[in-house]
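Remarks on the structure that follows.
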Amino acid sequence: METFKILETYKTQYKDPIVLHVAEIVHLGEEEKEEKWKGWIWAESKTNKGWIPLQILEISSDKKTGKVLEYYSAKELDVEKGDDIEKIKSLNGWTWSRNVKTNTEGWIPDEIIE
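Position one of the sequence shown corresponds to residue 1 (this note's numbering), numbered consecutively onward.
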């Protein structure tokens, strides 16, 4: 698998990330308005809340709730400038990556990837 360099250090912003399971129902808040983060929406589950990608939802007609279509974790990845990562999945300005050095996985913003 191809590796990519990290251009700047990134530390996890949300220490308790939202985790969602297939068929779970979430209450929806505002969609992200900033252009580089389009495609994310604020969601609240029975146990947590956080930003999730619109692509994993079947949204109700009143747009107040959504049914989760695939497993999702908002876990972010701590990386240091110069680390090597492998890209696993990219979505809406973020990439689920594996840090080669620590063998850990999570989301990092695309703008810090070489």
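Heads up, the beta-carbon is just placed ideally off N, CA and C, and yes, glycines get one too.
Identify the residues that DSSP records as bridge partners of residue i: which are they?
i: N99; result: I85 and T104
i: Y72; result: L20
Taking C-alpha atoms, which residue in the options lies nearest to residue i?
i: I85; options: L91, D78, G93 and S97; result: S97
i: W37; options: E44, E24, L54 and A23; result: L54
i: K92; options: P109, E76, T104 and V79; result: Checking the sequence, you will find Asn at residue 92 rather than Lys. Nearest of P109, E76, T104 and V79 to N92, Cα basis: P109.
i: E46; options: E114, H27 and K33; result: The question names Glu, yet the displayed sequence has Lys at residue 46. Selected option, being the one with the closest Cα: H27.
i: T95; options: G106, K101 and T102; result: G106
i: W40; options: D83, A74 and N103; result: A74
i: E114; options: K33, T12, N103 and E80; result: E80
Following the continuous beta strand (DSSP E) through residue i, name the residue where it begins and the one where it ends.
i: E8; result: No beta strand (DSSP E) contains E8, which DSSP labels as neither H nor E.
i: V26; result: I25 to E31
i: I56; result: Segment: none, I56 is in no beta strand (DSSP E) and carries neither H nor E.
i: I113; result: Unbroken run through I113: none, as it is neither H nor E.
i: E44; result: W40 to E44
What does the alpha-carbon distance come out to for the pair residue i and residue j?
i: E31; j: L7; result: 28 Å
i: W42; j: H21; result: 16 Å
Establish whether the CB of residue i and some CB of chain B are separated by less than 9 Å.
i: L77; result: Absent from the structure: chain B. Only one protein chain is present.
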